[in-house]
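What follows is one structure encoded as structure tokens, with my remarks underneath.
This is the structure:
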């Protein structure tokens, strides 16, 4: 009996120890277990593809209950009753096939901010987007524009339409698009005839000229957007990622504007066709041999010790530049920049680039005394000027940076020879920070006048401004969502930044701000509605200002630029989807009109009907549509196609 007591005691102690260890492990697991919100916040912040980011945004909305806010149309920040009424009217008109009603609805709502639907407070509540009602309304408007563009341009045989009628009654006939297409199955609804016999396959029609006039006037009334790339030094490579994200979402405007480093990226975007653009924006088709030849390393960044490249490359670059300044009196070698620009752009002029890509390129330059040289160069103000020389002039700086080498703008004469551009022969180009444009002389104001621009998408990559900027349409703050105790601190920091910017703008308006401070801290006034895209940078990124561009750094900054766009995609779709669809319909109508004129002028060959006329590069467009749908994860190309 006495020998059993120690055995019982040991067994009891083992059981107790097992229980303690079990619950200790459970407690440790519970303590270390991360909140699902934390997990998806990390996925959101570190996503490398838009699909991954979008899934994380939707999951976060569900976990935080923000999807309820999106599904509820009610909000004091916009007129939800007006938007709901217009959406219902559009649906009724589409169901009835009433083209006249749809045309009137479109023309009565040609405002980008109809009912205040672009208010910033509607886009910083949810991660995944804004109110579902707003998204459905914009989608419906874009679909109506597409359907009007698809209306046949000739009358169908066997029908008798009234004069000037756009709606002969084709209710229920919608095999291609709801509301406006004909029935291909030979069946008619009860109201499918208008002066014709029952059983005739009737459909609305609109002549090519009538369609072109309507879409042109609608497009003119709605206005256009421009993408503005502002500065950035090495940070300016983020602009490539911004353009890539917008291109894949079908939101890249046809009007591109650039200043300084932004001018280089704007030129890369504007000179390439849509078939070439994805390779350029991914960094694959960009030639960096000018920089690699100076370093003695391959352009792809291989052949060096990757473990030490992050540390040694910036400091070796700094030592090399300081040595150059000591010996020659300037920091940067302008010949390298010139070689890089010319190897990527070639000797294209502004007019040639426009004819090639149908994108409008604007490059801003700063001059000491004007001398008759426009501050905005494009295919209208300087059609024969070589783009690479204009981009180089936009990057002109003080002699301490690039030396005393004169910046010359070149052009092509009537024989195609490259000669100096006479208006700029006696002009001293200056760095953009030395420009002192009045509101009337602002290059952005000039763009608004020339191209009917009333909406600006600004990609801001100036390193000294980035810490003070925060986009007002990038969804909820990650820091506030991650830790509620930091929400008050984040709010105070944001208020301090806004207060500083407000006081600086007041001093600038009163002309009390010193010129040296104004050049760096006060941004150019945008003459219209705008969205600012700001890349998220860390303290370590500022060391990269000393880096020489390589393929690896290109990929790094492109991803940074893409991430700055993804949170603003919802806001940009609301602002630009209708414009994108109008532009596509206008281009399609112009092709139909041009095809009709060619057929009338030709006396040989079979005449081709308007319905069967193929559009240029049809297979290429379909291929890019499929590529974009695969990348975006959506099957709808109506509101997200390439404009």
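Residue numbers (our numbering): 3 to 645. Ideal placement from N, C-alpha and C gives every residue a C-beta, glycine not left out.
Rounded to the nearest whole angstrom, the CA to CA distance from residue 558 to residue 460 is 21 Å. Boundaries of the alpha helix (DSSP H) around residue 392: 389-396.
The DSSP-derived three-state label of residue 293 is helix. Of all C-beta pairs linking the segment 17-36 to the segment 540-557, fewer than three are shorter than 8 Å, placing the two stretches out of contact.
Residue 397 has its alpha-carbon roughly 14 Å from the corresponding atom of residue 344. Selection 503, 247, 573 and 221 evaluated against residue 584 yields 221 as nearest (Cα-Cα). Between residue 290 and residue 83, the C-beta gap is not smaller than 8 Å, which leaves the two residues out of contact. Exclusion of the five residues before and after residue 76 leaves 82 as the residues of its chain whose Cβ lies within less than 7 Å of its Cβ.
Pairing residue 390 with residue 350, the inter-Cα distance amounts to about 8 Å. Counting along the chain, the unbroken beta strand (DSSP E) around residue 414 starts and ends at 412-414. Distances from the CA of residue 541 to each of 247, 237, 224 and 338 were compared; the closest alpha carbon is that of 237. The C-alpha of residue 365 lies about 11 Å from the C-alpha of residue 383. Residues 58 of the same chain have their beta carbon placed closer than 6 Å to that of residue 45, with the five preceding and five following residues left out of the count.
Contact check for residue 136 and residue 119: beta-carbon distance about 5 Å, within the 8 Å limit, so the pair qualifies.
Inter-residue distance for residue 262 and residue 393 is about 7 Å (C-alpha atoms, whole angstroms). The segment 129-144 makes no contact with the segment 233-250; the number of CB pairs closer than 8 Å stays below 3.
Annotated as proximal: residue 281 and residue 287, with beta-carbon spacing under 8 Å. Taking the C-beta atoms as reference points, residue 279 is found no nearer than 8 Å to residue 231. In this structure, residue 43 lies away from residue 70, with their beta-carbon atoms at least 8 Å apart. Contact annotation: residue 572 and residue 131 have beta-carbon atoms nearer than 8 Å. Beta-carbon to beta-carbon, residue 80 and residue 121 are separated by about 6 Å, close enough to satisfy the 8 Å threshold.
Between the C-alpha atoms of residue 96 and residue 109 there is a straight-line separation of about 16 Å. Shown here, residue 253 sits in coil according to DSSP, grouped into three states, outside any helix or strand. Within the DSSP bridge table, the entry for residue 365 names 260 and 379 as partners. The C-alpha of residue 53 is placed about 45 Å away from the C-alpha of residue 22. Under the DSSP assignment, residue 107 falls outside any beta strand (DSSP E), being part of the alpha helix (DSSP H) whose first and last residues are 101-109. Excluding sequence positions up to five before and after residue 214, its CB lies within less than 7 Å of the CB of 591, 592 and 595, all in the same chain and listed in chain order. Taking 8 Å as the upper bound for CB-CB distance, residue 257 and residue 455 are in contact here, some 6 Å apart. Counting only the Cα atoms, residue 115 lies some 19 Å from residue 90.
Pairing residue 377 with residue 395 gives a Cβ-Cβ distance that is not under 8 Å.
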